[in-house]
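Asks:
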Amino acid sequence: MKPIEMDAVQQHLDRLKDKEVYIHLETTNGAYASHVNEKAYTVGAYIRNAKVKFSQAKLVGNGQSYRAGLKMEIGWIYAEGLTDWTIHDHQLLLAGHDREGRLMVALELSETPFRQ
Amino acid sequence: MEKHVVVIYPHPDDESFGAAGTITKFRKQGVPVTYLCGTLGEMGRNMGNPTFANRETLPDIRKEELIAACKELDMDLRMLGYRDKTVEFEDRQQIAGHVKGILEEIEPSLVITHYPGYAVHPDHNAMGAAAVEAVRQMDEAKRPVVWAQAISNNYYDELGKPDINNDVTDVINEKMAAIMSHKSQANGVLAQFHDNQSTATDISEIAKRSMGKERFFIWDY
């Protein structure tokens with residue numbers, strides 16, 4: 000992946016507007032978080048291959064870390080802390096990594112289902 | 000001497016971090032070892048440092064790393080095809096049946112797995128529980144011994160002293176080679192043991208300190 004290029008990513012988001020797309024949305028601090036540091040909480044959530052349609056998509060950020068918001072007919076999809084992007088197999092992959100390169104958040108959009 | 004050892008863990012790299020020294024020692028005795036690896040670690044958080052994997056390429060990368068590590072450890076590999084972070088949500092009996100079928104075919108004398116409830120990661124606990132259950136369901140005359148590995152911070156207080164304490168410092172280089180086969184994971188996981196390490200020398204020192212012993216409880220059926 001490479002650091003987010005706002006215009007390029009925005010173009011890909013716009014291209015997917017008003018289409019049925021599959022989404023992978025995830026956030027995690029790792030299954031070992033509270034094992035390594037007893038004061039930490041282990042948290043994580045992911046949804047894979049939810050089928051959604053959005054009428055508006057916007058990427059906002061300060062040049063280092065970005066937020067994405069997708070407006071659906073009756074709701075929103077949101078991800079914060081995105082730092083990197085790539086196109087993989089026609090799929091738009093966005094992710095946020097920490098200083099050690101570990102994934103903290105992922106937002107991925109595809110016109111075909113992500114593999115199981 | 001063992002006849003055949005089967006290692007059952009859920010993730011590519013569990014075998015290297017958890018039991019590579021023990022596996023090496025068995026292989027040096029000429030004992031065949033087979034790894035039943037539950038998933039491809041699809042949801043791993045370590046993407047290499049600097050990152051070279053992404054969420055969608057990670058399974059393929061980790062599969063290659065797994066194959067390389069098993070080659071390094073000179074053991075057979077069977078991939079069970081479950082998905083990272085979902086093992087605990089699968090039907091326990093179905094996984095146990097799956098594992099039991101393979102164990103009945105291999106007829107091992109020893110099974111190494113995670114200690115259910117004391118293995119930190121939900122996949123570890125679920126895979127260990129399914130493995131223990133698989134052996135429980137086997138014909139008593141053919142049941143292998145089960146060594147269960149506990150990892151949680153509280154295991155010593157709650158379970159006491161492990162039955163098996165394998166000092167593997169004499170094969171730590173083999174263990175490190177297996178760990179380093181997992182290129183996307185190795186540095187990230189090792190860094191967890193120490194928050195201020197930057198050189199390879201440090202990493203191998205950390206490895207010796209924190210990974211020179213492999214401990215197991217003998218499961219009491």
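Sequences listed follow chains A and B, in order.
Residue numbers for the first sequence follow numbering that gives the first Met the number 0, beginning at 0 and rising by one.
Residue numbers for the second sequence follow numbering that gives the first Met the number 0, beginning at 0 and rising by one.
Every residue gets a Cβ at the ideal spot worked out from N, C-alpha and C, and that includes glycine.
None of the values given here were measured: they were computed from a predicted structure.
Indicate the three-state DSSP secondary structure (helix, strand or coil) for residue 3 of chain A in the structure shown.
Replies: The residue you call residue 3 of chain A lines up with position 4 of the first sequence. Coil, per DSSP.
Asks: Run through the region 62–105 of chain A for me and flag every whole alpha helix (DSSP H) of 4 or more residues, listed as ranges in chain order.
Replies: Taking only runs of at least 4 residues, no alpha helix (DSSP H) segment lies wholly in the region 62–105 of chain A.
Asks: Which residues mark the beginning and the end of the alpha helix (DSSP H) in which residue 47 of chain A is found?
Replies: As a first step, residue 47 of chain A is located in the first sequence; it is residue number 48 there, counting from the start. Residue 47 of chain A -> not in any alpha helix (DSSP H); beta strand (DSSP E) instead, spanning 43–51.
Asks: Taking the C-alpha atoms as reference points, what is the distance between residue 74 of chain A and residue 20 of chain A?
Replies: In the first sequence, counting from the first residue as 1, residue 74 of chain A sits at position 75. In the first sequence, counting from the first residue as 1, residue 20 of chain A sits at position 21. Taking the straight line from one Cα to the other gives about 15 Å.
Asks: Using a Cβ-Cβ cut-off of 8 Å, state whether residue 101 of chain A counts as contacting chain B.
Replies: If you number the first sequence from 1, residue 101 of chain A lands on position 102. Residue 101 of chain A counts as touching chain B.
Asks: Can you tell me whether DSSP reads residue 168 of chain B as helix, strand or coil?
Replies: In the second sequence, counting from the first residue as 1, residue 168 of chain B sits at position 169. Correct three-state label for residue 168 of chain B: helix.
Asks: Of all the beta strand (DSSP E) runs that stay within the bounds of the region 61–127 of chain B, which reach a length of 3 or more residues?
Replies: The qualifying runs are 75–78 and 109–113.
Asks: Residues of chain B with CB under 8 Å from residue 115 of chain A, in chain order?
Replies: Residue mapping note: residue 115 of chain A aligns to position 116 of the first sequence, counting from 1. The answer, in chain order, is 82.
Asks: Short check: CB of residue 59 of chain B to CB of residue 84 of chain B, under 8 Å?
Replies: Taking the first residue of the second sequence as 1, we reach residue 59 of chain B at position 60. Taking the first residue of the second sequence as 1, we reach residue 84 of chain B at position 85. No, Cβ-Cβ distance for residue 59 of chain B and residue 84 of chain B is not below 8 Å.
Asks: Looking only at its chain, what residues have a beta carbon closer than 8 Å to the beta carbon of residue 87 of chain B, apart from the 5 residues adjacent to it on each side?
Replies: In the second sequence, residue 87 of chain B corresponds to position 88, counting from 1. Cβ within range, chain order: 121, 122, 124 and 125.
Asks: Is the beta carbon of residue 215 of chain B sitting closer than 8 Å to the one on residue 111 of chain B?
Replies: Taking the second sequence and counting its residues from 1, the one referred to as residue 215 of chain B is at position 216. Taking the second sequence and counting its residues from 1, the one referred to as residue 111 of chain B is at position 112. Going by C-beta atoms, residue 215 of chain B is nearer than 8 Å to residue 111 of chain B.
Asks: When burial is assigned at 16 or more other CB atoms within 10 Å of the CB, is residue 40 of chain A buried or exposed?
Replies: What you label residue 40 of chain A is simply residue 41 of the first sequence in a count that begins at 1. Flag for residue 40 of chain A reads exposed.
Asks: Drop a sphere of 10 angstroms on the beta-carbon of residue 89 of chain A, count the other beta-carbons inside from all chains shown, and report buried for 16 or more, exposed for fewer.
Replies: The residue you call residue 89 of chain A lines up with position 90 of the first sequence. That one is exposed.
Asks: Helix or strand or just coil, what does DSSP make of residue 148 of chain B?
Replies: Start at 1 with the first residue of the second sequence, and residue 148 of chain B comes out as number 149. In this structure, residue 148 of chain B counts as strand in the three-state DSSP scheme.
Asks: Could you say which of B:17, B:27, B:185 and B:208 lies nearest to residue 61 of chain B if we only look at CA atoms?
Replies: The count along the second sequence starts at 1 and reaches residue 61 of chain B at position 62. Comparing Cα-Cα distances from residue 61 of chain B to each of B:17, B:27, B:185 and B:208, the minimum goes to B:185.
Asks: Can you tell me which of A:102, A:51, A:5 and A:84 puts its alpha carbon nearest to the alpha carbon of residue 119 of chain A?
Replies: Past the edges of chain A, shown from 0 to 115, lies residue 119 of chain A, and the structure says nothing about it.
Asks: DSSP state of residue 214 of chain B, grouped into three classes?
Replies: Within the second sequence, the letter at position 215 stands for residue 214 of chain B. Three-state result, residue 214 of chain B: strand.
Asks: For the 8 Å Cβ check, are there 3 or more pairs between the region 103–110 of chain A and the region 20–32 of chain A?
Replies: Contact holds: three or more Cβ-Cβ distances are below 8 Å.
Asks: Below 8 Å between beta carbons: does that hold for residue 21 of chain B and residue 105 of chain B?
Replies: To locate residue 21 of chain B, count along the second sequence from 1; it is residue 22. To locate residue 105 of chain B, count along the second sequence from 1; it is residue 106. No, the pair does not count as a contact, with Cβ atoms beyond the cut-off.
Asks: Please report the straight-line C-alpha distance between residue 87 of chain A and residue 57 of chain A, rounded to a whole angstrom.
Replies: On the first sequence, position 88 is the one that residue 87 of chain A refers to. On the first sequence, position 58 is the one that residue 57 of chain A refers to. The alpha-carbon atoms of residue 87 of chain A and residue 57 of chain A are separated by roughly 20 Å.
Asks: On the three-pair Cβ rule with 8 Å, is the region 154–162 of chain B touching the region 127–135 of chain B?
Replies: Touching, no, given that fewer than three Cβ pairs across the two stretches are closer than 8 Å.
Asks: From what residue to what residue does the beta strand (DSSP E) around residue 23 of chain A run?
Replies: By 1-based counting over the first sequence, the position of residue 23 of chain A is 24. Taken as a continuous stretch (DSSP letters only), the beta strand (DSSP E) holding residue 23 of chain A covers 20–27.
Asks: Could you tell me whether the region 22–29 of chain B touches the region 133–147 of chain B, where touching means 3 or more Cβ pairs closer than 8 Å?
Replies: Too few Cβ pairs lie closer than 8 Å, so no.
Asks: Is there a C-beta anywhere in chain A that falls below 8 Å from the one on residue 165 of chain B?
Replies: As a position in the second sequence, residue 165 of chain B is number 166, starting the count at 1. No, no contact with chain A.
Asks: Could you work out which residues of chain A lie near residue 56 of chain B, taking near to mean beta carbons separated by less than 8 Å?
Replies: Here residue 56 of chain B refers to the residue found at position 57 of the second sequence. Under the 8 Å cutoff, chain A gives 87.
Asks: Chain A partners of residue 224 of chain B, CB-CB under 9 Å?
Replies: Only positions 0 to 220 of chain B appear in the structure, and residue 224 of chain B is not among them; the question remains open.
Asks: Using a cut-off of 9 Å between C-beta atoms, extract the partners of residue 90 of chain A located in chain B.
Replies: On the first sequence, residue 90 of chain A is found 91 positions in, with the first residue counted as 1. Within chain B, the residues near residue 90 of chain A are 55.
Asks: For residue 107 of chain A, which residues does DSSP report across the bridge?
Replies: Along the first sequence, one-based indexing puts residue 107 of chain A at 108. In DSSP, residue 107 of chain A forms a bridge with A:23 and A:92.
Asks: Against residue 151 of chain B, what residues of chain A qualify as contacts under a CB-to-CB distance less than 8 Å, listed in chain order?
Replies: Your numbering for residue 151 of chain B matches position 152 in the second sequence. What residue 151 of chain B touches in chain A: 34.
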